[in-house]
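*Asks:*
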């Protein structure tokens, strides 16, 4: 069977994958916190017809003669560049300006997201649209993070120092440092919790799990969790969301490239089929 036939089939497959990735990017052009992906192709193992030879006293050296056997998908790389800002004015809509991810929990699993469209639920816990709890730190008397990760809540009973009896929470805001500051009816603002930010050595190694969230993988590296503005972590902007970083002009160009690549590969298959037909008809 002709090698070109299988090379053409491999071209169909990878260009179809490119269409799938590009289509997903375009479908999520308006998804909050979405990060686009791109495909990377590489050639497959080439068949060796003649090996290379070194020069000697009688003749010069010769190069190897190899025939490629097609193309394969090498990777789908996520693009974690910053998306543009969409101002909403809602105090629980949060955007990370710079590197990092919000830390959330879904059941017993810890997930990470750039989509900061949060709300407080009926228990006063900060959650994602799917109900995943947003994680952060309790604060000590000096306002410094203390202890392990806990859900960020409006609970005033565990504050340090304690809130005086009869004093009630009237409002709140979230600062660029991620601190949830409560405004109480005694006129005092008190820091209630601080939102956690996670960073990774290799964010492109994260595994997508849907709901615009990611989980840690073997190649992402362990999450380095701290607060906004520490190390490589970005700062938090309240009242705004990070929009998708999909570049529609680039995606439409990729559609053309994938379509033409698919058409060219199908033409290789058609031509190979015609060659086989001519070969079969030699006996006639």
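Numbering (full-length UniProt numbering), first residue to last: 1 to 284. All C-beta atoms in this analysis are idealised placements derived from N, C-alpha and C, irrespective of residue type, glycine included.
#1: Out of curiosity, what's the CA-to-CA distance linking residue 160 and residue 73?
#2: By the three-class DSSP mapping on this structure, what secondary structure does residue 280 have?
#3: Can you tell me which of 83, 20, 26 and 50 puts its alpha carbon nearest to the alpha carbon of residue 240?
#4: Among all the DSSP beta bridges, which residues are the ones paired with residue 105?
#5: DSSP state of residue 250, grouped into three classes?
#6: Strictly by DSSP, which residues pair up with residue 184?
#7: Less than 8 Å between the C-beta atoms of residue 176 and residue 12, yes or no?
#8: Taking only three categories from DSSP, how would you classify residue 20?
#9: By the DSSP assignment, the beta strand (DSSP E) with residue 149 in it spans what residues?
#10: Can you have a look at residue 131 and say buried or exposed, based on whether 16 or more other CB atoms are within 10 angstroms of its CB?
#11: Rounded to a whole number of angstroms, what is the C-alpha to C-alpha distance between residue 16 and residue 86?
#12: Considering just the uninterrupted stretch of the beta strand (DSSP E) at residue 241, what are its terminal residues?
#13: Would you grab the beta carbon distance between residue 69 and residue 7 for me? Rounded to a whole angstrom, and I think it's under 8 Å.
#14: For residue 194, write down the residues that DSSP places opposite it in a beta bridge.
#15: Is the distance from the Cβ of residue 155 to the Cβ of residue 124 below 8 Å?
#16: For residue 114, which option in 120, 258, 66 and 79 has the closest C-alpha, if you only look at C-alpha atoms?
#17: If we count the other Cβ atoms within 10 Å of its Cβ and call it buried at 16 or more, is residue 188 buried or exposed?
#18: If you check the beta carbons only, do residue 139 and residue 196 fall under 8 Å apart?
#19: What number of angstroms, rounded off, separates the C-alpha of residue 43 from the C-alpha of residue 14?
*Replies:* Reading from the atomic positions:
#1: 54 Å
#2: helix
#3: 83
#4: 110 and 133
#5: helix
#6: 169
#7: no
#8: helix
#9: 145-151
#10: exposed
#11: 33 Å
#12: 240-242
#13: 6 Å
#14: 137 and 179
#15: yes
#16: 79
#17: exposed
#18: no
#19: 11 Å
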